[in-house]
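*Asks:*
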Amino acid sequence: MKKLMMLIMATLLVYSGYVLGTCAAADEIYTTRTVTVYSGDTMWDIASQWTEDGEDVRAVIYRICEANGLKTTDLQPGQKILVPVRVELNSAMMLADATNNNL
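Just so we're aligned, residue 204 is where the sequence shown starts under this note's numbering, counting upward by one.
1. What's the call for I211, buried or exposed, on a 16-neighbour Cβ count within 10 Å?
2. Short check: CB of V240 to CB of L285, under 9 Å?
3. Check whether the Cβ atoms of M246 and I264 sit closer than 9 Å, and answer yes or no.
4. Indicate the three-state DSSP secondary structure (helix, strand or coil) for K205 in the structure shown.
5. Within 10 Å of its beta-carbon, does A262 have 16 or more other beta-carbons around it, so buried, or fewer, so exposed?
6. Please identify the residue among R266, L207, T237 whose C-alpha is closest to the C-alpha of G281.
Encoded structure:
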């Protein structure tokens, strides 16, 4: 009986961690900023400017490539790229409320 209870508790613990992790990821909302590439700029340089504390620059590079349909990180001077910027949930909710009120 004790083993069964331990198994049930372990299963619930693993499941609750999965659910909480899924919910946290779903709360990430992004807006985009348009950035002009200048001579000497690299994707790493640009992504580093938009990386939050504790965030991996490579994750930002991935989002930039996805937002712009880029297959490589090569950039050309004068090119304009979209940079996804994380929006805090409260800010996103206020923006949604303002948009809904204007309909």
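Glycine included, each C-beta is placed from N, C-alpha and C at the ideal position.
What you are looking at is a predicted structure, and each value in this text was computed from that prediction instead of being measured.
*Replies:* Walking through what the data contain:
1. exposed
2. no
3. yes
4. helix
5. exposed
6. T237
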